[in-house]
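These notes concern the structure reproduced below.
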Amino acid sequence: PVAKAAQHDKVPRPVGFVPPPPPCPGKIRHFDI
Amino acid sequence: VPAAPPAPLGCDDPESEAAAEAAVNYINGQSHHGYKFALNRIEDIRVVRQGPNNDIIFLELDLLETTCPILSPTPLENCTVRSFVEHAVEGDCDVKLQKVDGILSVLGSKCHSHADSTEDIRKACPDCPVLAKMNNTEVLETVSAALNAYNSKTTDSYLRLLEIGRAKIQYHPGHIVVTEFAVGATNCSAEEAKANVGACQLLPEDQSNFGFCRAVMVKSPSQDLQVDCQLYGHQVPAPDIPLLSWVFYPTGQDTS
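For the record, the sequence lines run as chains E and R. Numbered according to the numbering used here, the first sequence spans residues 15 to 47. Numbered according to the numbering used here, the second sequence spans residues 16 to 271.
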């Protein structure tokens, strides 16, 4: 039997984690074609 | 110490919107054909720091054609974006700007415009007429007949065709051709033109007077032709924008 891989704790975020860049593409002002 | 990288901008941040506004004004200012374009969406923005208070900004913009001809003095904010069922035309633009001490300047732009697909229009509005090709014979005949009709009635200057803006042909119910085209005043009165139309040339730049016409030709069930032209009066052109060239306006085009 293959030993079930030990559940690693959720990887802690590194110190100084930079959030992903704000959203692009931006809002639609009229309509999308 | 190298300049800290600028915080990544979001596409809806005020700085992004300010850059997009400068870009759209530049694109409309440089364009010589068709209609003014309005911002529909900021697709992407990338900022590359050159030094303190000196950034290069790369913008990807999604624009939509408005109903204002490019030569119209109407401010862009008063121009209506052409609706989807009128067969919208989209512009995709890549623009490079520089921001030095908070002042934006456009270094260059490259745009491609294209009409929405006929399938999309038909899906949303099965009976809506779609854009006709510029070299469609019926379109050319309608423009010619409309301009002749206008010139035969006007007491003002004889008008010459500059370019066809757009055209649609409805085949049911009734056979109707609708066209929009740009015109320029010439150095002849309409009366003088009857004698020698070859001598009638567009007014020189310092007196130029452009305008725009809309014409509807009903071919069936009965024949009728309506044409309405508005001249803008002389406008002082921006120093680096040459006179409009006498070319037809292709539906899809690249401009840099």
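From the three backbone atoms N, C-alpha and C, an ideal C-beta is built for every residue, glycine too. Model, not experiment: these values are computed from the prediction.
From the options, pick the residue whose C-alpha is nearest to that of residue i; which is it?
i: R:L91; options: R:Y50, R:E101, R:T152; result: R:Y50
i: R:T81; options: R:L246, R:G226, R:N43, R:V242; result: R:N43
i: R:L174; options: R:S204, R:D221, R:G66; result: R:S204
i: R:T89; options: R:G226, R:V242, R:P236; result: R:G226
i: R:N93; options: R:L76, R:T201, R:F52, R:M149; result: R:F52
i: R:L48; options: R:C126, R:S31, R:E156; result: Checking the sequence shown, residue 48 of chain R turns out to be His, not Leu. The option with the nearest alpha carbon to R:H48 is R:C126.
i: R:Q65; options: R:C83, R:E153, R:V115, R:G123; result: R:V115
i: R:N166; options: R:A33, R:I71, R:Q241, R:H190; result: R:Q241
i: E:C38; options: R:S132, R:S31, R:P188; result: R:S31
i: R:Y247; options: R:N224, R:I72, R:S237, R:K234; result: R:N224
i: R:P219; options: R:S124, R:V251, R:G213; result: R:V251
i: R:L217; options: R:S235, R:E207, R:R181, R:L176; result: R:L176
i: R:F273; options: R:N69, R:C83, R:N68; result: An answer regarding residue 273 of chain R cannot be provided, because it is not within the stretch 16 to 271 covered by chain R.
i: R:V110; options: R:I71, R:E207, R:Q245, R:S172; result: R:I71
i: R:R181; options: R:E134, R:A160, R:L155; result: R:L155
DSSP three-state label for residue i, please.
i: R:A164; result: helix
i: R:S260; result: Confidence is the limiting factor: at R:S260 the pLDDT is only 35, short of 50, which leaves the residue's position unreliable and the question unanswerable from this model.
i: R:I184; result: strand
i: R:I60; result: strand
i: E:F31; result: coil
i: R:L24; result: coil
i: R:Y41; result: helix
i: R:S159; result: helix
i: R:A130; result: strand
i: E:I47; result: coil
i: E:P39; result: coil
i: R:I71; result: strand
i: R:G117; result: coil
i: R:A205; result: helix
i: R:Q250; result: coil
i: R:I85; result: coil
i: R:Q222; result: helix
i: R:D135; result: helix
Can you pull the chain C neighbours of residue i, defined as C-beta to C-beta under 7 Å?
i: E:F45; result: You won't find chain C in this structure, because its protein chains are E and R.
Flag residue i as yes if its beta-carbon sits less than 8 Å from any beta-carbon of chain R, otherwise no.
i: E:G30; result: no
i: E:C38; result: yes
Is residue i close to chain E, meaning its C-beta is less than 8 Å from at least one C-beta of that chain?
i: R:S31; result: yes
i: R:D107; result: no
i: R:T266; result: Annotation note: pLDDT 41 at R:T266 (below 50); position unreliable, coordinate value reported separately. Chain E, which has no Cβ nearer than 8 Å to the Cβ of R:T266, makes this no.
i: R:D27; result: yes
i: R:I60; result: yes
i: R:V110; result: no
i: R:V231; result: no
i: R:A103; result: yes
i: R:S260; result: Per-residue confidence for R:S260 stands at a pLDDT of 35, beneath the threshold of 50, marking its modelled position as unreliable; the derived number appears in the next sentence. For R:S260, the answer is no, since every Cβ of chain E falls outside 8 Å of its Cβ.
i: R:V158; result: no
In chain E, which residues lie less than 8 Å from residue i when you measure between Cβ atoms?
i: R:R137; result: Under the 8 Å cutoff, chain E gives no residues; its nearest Cβ is about 14 Å from R:R137.
Along chain E, which residues have their Cβ under 9 Å away from the Cβ of residue i?
i: R:L79; result: R43, H44, F45, I47
i: R:G49; result: By Cβ distance, chain E contributes nothing, its closest Cβ being about 17 Å from R:G49, past 9 Å.
i: R:N55; result: I42, R43, H44, F45, D46, I47
i: R:V96; result: R43, H44, F45
Under 8 Å, do residue i and residue j count as touching if we go by C-beta distance?
i: R:V198; j: R:M232; result: no
i: R:A130; j: R:L146; result: yes
i: R:A35; j: R:I57; result: yes
i: R:L54; j: R:L76; result: yes
i: R:L24; j: R:V63; result: no
i: R:D28; j: E:K41; result: no
i: R:V96; j: R:L79; result: yes
i: R:R229; j: R:D243; result: yes
i: R:I179; j: R:T201; result: no
i: R:I136; j: R:H102; result: yes
i: R:E105; j: E:I47; result: yes
i: R:I85; j: R:S124; result: no
i: R:A38; j: R:L112; result: yes
i: R:P144; j: R:K183; result: yes
i: R:H190; j: R:S132; result: no
i: R:A208; j: R:L119; result: no
i: R:H249; j: R:Q222; result: yes
So with CB distances below 7 Å, who are the chain E contacts of residue i?
i: R:D131; result: I47
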